[in-house]
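Here is the structure we will look at, set down as structure tokens.
Residue numbers (full-length UniProt numbering): 1 to 96.
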């Protein structure tokens, strides 16, 4: 399986902030993107390369994840990371 994780932050440059690792039968691509628009472009490119799954960080929220899913097309599964509400205080301290 080939899958990707997209993390969003204004400090990222998609061409520079990426990593790959492989294990038996799996290739994982991690890409830092500066914006939703950049994430959608990456999703289109990944879909063209045959990616099967894209996960996005919680910063995307459900609307951003839906935009990435639309960009990736019908053959790519897209999900997004969420945290348990019991962790809200910690996340607020980290991200404001």
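Ideal Cβ positions, reconstructed from N, Cα and C, are used throughout, including at glycine.
Residue 60 has no beta-bridge partner at all, per DSSP. In the structure shown, residue 35 adopts coil according to DSSP, grouped into three states.
Remark: fewer than three beta-carbon pairs, one from each stretch, lie closer than 8 Å, so the stretch 21-31 and the stretch 57-66 are not flagged as touching. Cβ-Cβ separation between residue 52 and residue 5: approximately 13 Å, too far for a contact (criterion under 8 Å). Rounded to the nearest whole angstrom, the C-alpha separation of residue 16 and residue 42 is 13 Å. Taking the Cα positions, residue 66 is about 8 Å away from residue 78.
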